[in-house]
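Residue numbers (our numbering): -15 to 477. Backbone N, C-alpha and C define an ideal beta-carbon position, used for all residues, glycine too.
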Ligand code: AMP
Ligand code: ZN
């Protein structure tokens, strides 16, 4: 922790030197997924970005408590129906079955992308009591009012007393008070359009509801993060994160609730990721401008010419800074695939290099300088694209040493050892990449080659039941096989 880390704080709108509240410990809260449908690539970008941040903090030696919630209640659709209930109604399931199904899918995708699990993953429905308590605290502080069993946060009163509302999103309170942007039902119950529900009285047909002092109802969506971050990280903690699109209203309202209930801002640093676009446009299901992670792995979409492995996708994500928009295109993925392969080849070449000299050598200073810069780039608000550029300077150098265009005596064994150790840390520990080819070259590959051969024979003999059985069993084991021009290949799903 001797390094100086700088992070861009969305609240102050500037880079700040990172200083945790408690020496050596970081409390980090990231808004997690709403588990009512399959996780999409945009979500994956945000969670991968925070995974890099988490990994870098761990690398720096911090003990990190990383809390990422699961939203399984309160996130309403425009017509006021809970997203979970709608999924349950359509598929004839219990709302908790919907939540579990998509949580499982989310976890599986996070594993495929090699993101580390958070330290705590609390669910909104498991924290109704904490949320009710927080509503009461906000009422007691005079920042909420009750109307027909629902409780609304009084943004006007809050803004007047604290001067805080709108500070994160940069919205002006007068505009907020005037506009009517909230599509929730019961608009007429609110004193001001910008007021928001922290507890909602449920209608008879509403499925997910709980007893409270005000009504049988359910918490407002923004409340869960205030209640759960306070419970697990305390009133004030270090980092709060999420996608840019959550700045308003979600995070703005979270801050208001926390100040209302606890008397202070919840987080010292607010970090926001930018959006993942596709072909230069917002990803959108209704416009067909979307691709699921699975379709991307399998190449099963009009938007790509082939499938890309999870690590190619992760590498692609690293090529842009988390605060910049990232445009997913087939060309960019092809380039990422090439880059990732080149990096892995150089890494393997590096393992074979041995220097005969212990004395300082001509290349030492340059290599040490690039390595230092890679870490400075990570210290500079986790600048992964710049750090990657540094790695590629090293790739060129390693390849020249391997091809003997540069004599190996020009680098000392100490610096070569540092290069090996630093590259291992950056590529695998910090960037969280996995050598997929190396993984496949393990004991599973010969077995897979045998299975592929047996399937091939079955197909030649038109023994379709056997070939189908092989494919189905592999699918069940999360293995995909693909027949292409160069033969049959396999990969983990
Ligand atoms: P949700 O499940 O929709 O609440 O989103 C989970 C997380 O993914 C939030 O932090 C969102 O801000 C983030 N997110 C949603 N769409 C995108 C996108 N296209 N690019 C990056 N992050 C996104
Ligand atoms: Zn949240």
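| task | Starting from the Cα of residue 22, find the closest Cα among 274, 218, 289, 132 and give me that residue. | result | Here residue 22 refers to the residue found at position 38 of the chain shown. The candidate whose alpha carbon is nearest that of residue 22 is 274.
Taking 7 Å as the cut-off, is the beta-carbon of residue 229 closer than that to any non-hydrogen atom of the ligand AMP?
Reading the chain shown from its first residue, position 245 is the one you call residue 229. For the ligand AMP, at least one heavy atom lies less than 7 Å from the Cβ of residue 229.
Buried versus exposed, by CB contacts within 10 Å (16 or more), residue -1
Translated into positions along the chain shown, residue -1 becomes position 15. When all chains shown are included, residue -1 counts as exposed.
Notebook entry, point to check: For residue 486, does the three-state DSSP call read helix, strand or coil?
Noted result: As shown, the chain starts at -15 and ends at 477. That puts residue 486 outside it, with no answer to give.
Taking only three categories from DSSP, how would you classify residue 81? Here residue 81 refers to the residue found at position 97 when the chain shown is read from its first residue. Looking at residue 81 - three-state DSSP - the assignment turns out to be helix.
- Message: Let me confirm a value: residue 223 is counted as buried when at least 16 other C-beta atoms fall within 10 Å, else exposed. Which label applies?
- Response: Here residue 223 refers to the residue found at position 239 when the chain shown is read from its first residue. With 16 or more Cβ atoms within 10 Å of its Cβ, residue 223 is classed as buried.
query = Which residues in the same chain as residue 100 place their Cβ atom closer than 7 Å to its Cβ, once the five residues preceding and following it in sequence are excluded?
reply = Sequence index remark: in the chain shown, residue 100 carries index 116 (1-based). Same-chain partners within the cutoff: 35, 38, 39.
Got a sec? Which residues, its chain only, sit under 6 Å from residue 166 by beta carbon, not counting five neighbours each side? The residue given as residue 166 occupies position 182 in the chain shown. Residue placement at residue 166 is flagged as unreliable, the pLDDT there being 49, under the threshold of 50; the coordinate-derived value follows with that caveat. Contacts found: none.
**Asked** Buried or exposed: where does residue 236 fall if 16 or more other Cβ atoms within 10 Å of its Cβ makes it buried?
**Response** One-based indexing of the chain shown puts residue 236 at position 252. Looking at its Cβ environment, which holds 16 or more other Cβ atoms inside 10 Å, residue 236 is buried.
Q) Counting pairs of Cβ atoms below 8 Å between the region 83 to 99 and the region 287 to 303, do you hit three or more? A) yes
> Rounded C-beta distance between residue 42 and residue 48? I'm assuming under 8 Å.
Replying inline: Position 58 of the chain shown, counting from 1, holds the residue named residue 42. Position 64 of the chain shown, counting from 1, holds the residue named residue 48. Correct: roughly 6 Å between the Cβ atoms.
Option in 350, 448, 443 with minimal Cα separation from residue 472 = For this step, residue 472 is matched to residue 488 along the chain shown. Nearest C-alpha to residue 472: 443.
Query raised in the report: Skipping 5 residues on each side, what residues in its chain have a beta carbon closer than 6 Å to that of residue 408?
Result: Looking up residue 408 in the chain shown gives position 424. Excluding positions up to five away in sequence, the list is empty.
Q: Please go through the same chain and pick out, in chain order, the residues whose beta-carbon is closer than 6 Å to the beta-carbon of residue -4, but skip the five residues on each side of it.
A: Residue mapping note: residue -4 aligns to position 12 of the chain shown, counting from 1. Cβ within range, chain order: n/a, list empty.
(request) Could you tell me whether the Cβ atoms of residue 201 and residue 212 are closer together than 8 Å? (result) Your numbering for residue 201 matches position 217 in the chain shown. Your numbering for residue 212 matches position 228 in the chain shown. Taking 8 Å as the Cβ cut-off, residue 201 and residue 212 do not qualify as a contacting pair.
Note to self: Contact defined as beta carbons within less than 8 Å: I believe residue 289 pairs with residue 314. What is the distance between those atoms, to the nearest angstrom?
What the structure shows: Residue 289 sits at position 305 when you count from the first residue of the chain shown. Residue 314 sits at position 330 when you count from the first residue of the chain shown. Yes, they are in contact, since the Cβ atoms of residue 289 and residue 314 sit about 5 Å apart, within 8 Å.
Inset, instruction - When you get a sec, list the residues whose CB is within less than 5 Å of any heavy atom of the ligand ZN, chain order please. - result: 15, 209
- Look up residue 203 in the DSSP assignment and say whether it is helix, strand or coil. The residue labelled residue 203 in the question sits at position 219 within the chain shown. In this structure, residue 203 counts as strand in the three-state DSSP scheme.
Which of helix, strand or coil does DSSP assign to residue 345?
Counting from one through the chain shown, the residue named residue 345 turns up at place 361. Here residue 345 sits in coil by DSSP.
Practice problem: To the nearest angstrom, report how far apart residue 432 and residue 349 are at their CA atoms. | Solution: Position 448 of the chain shown, counted from the start, is the residue given in the question as residue 432. Position 365 of the chain shown, counted from the start, is the residue given in the question as residue 349. Looking at the two C-alpha atoms, the distance is approximately 46 Å.
Note the first and the last residue of the continuous alpha helix (DSSP H) segment covering residue 123.
Start at 1 with the first residue of the chain shown, and residue 123 comes out as number 139. Counting along the chain, the alpha helix (DSSP H) containing residue 123 begins and ends at 112 to 124.
- Can you tell me whether DSSP reads residue 167 as helix, strand or coil? Residue 167 sits at position 183 when you count from the first residue of the chain shown. In this prediction, residue 167 has a pLDDT of 47, which is less than 50 and means its spatial position is unreliable; what the coordinates show is noted afterwards. In this structure, residue 167 counts as coil in the three-state DSSP scheme.
* **CA-to-CA distance, residue -8 to residue 335, given in whole angstroms** => Mapped onto the chain shown, residue 335 falls at position 351. Mapped onto the chain shown, residue -8 falls at position 8. Cα-Cα distance, rounded: 36 Å.
| Can you name the residues that DSSP bridges to residue 128? | The residue labelled residue 128 in the question sits at position 144 within the chain shown. Answer is 137.
Practice problem: Verify whether the separation of the beta carbon atoms of residue 141 and residue 126 is less than 8 Å. | Solution: On the chain shown, residue 141 is found 157 positions in, with the first residue counted as 1. On the chain shown, residue 126 is found 142 positions in, with the first residue counted as 1. In this structure, residue 126 lies closer than 8 Å to residue 141 by Cβ.
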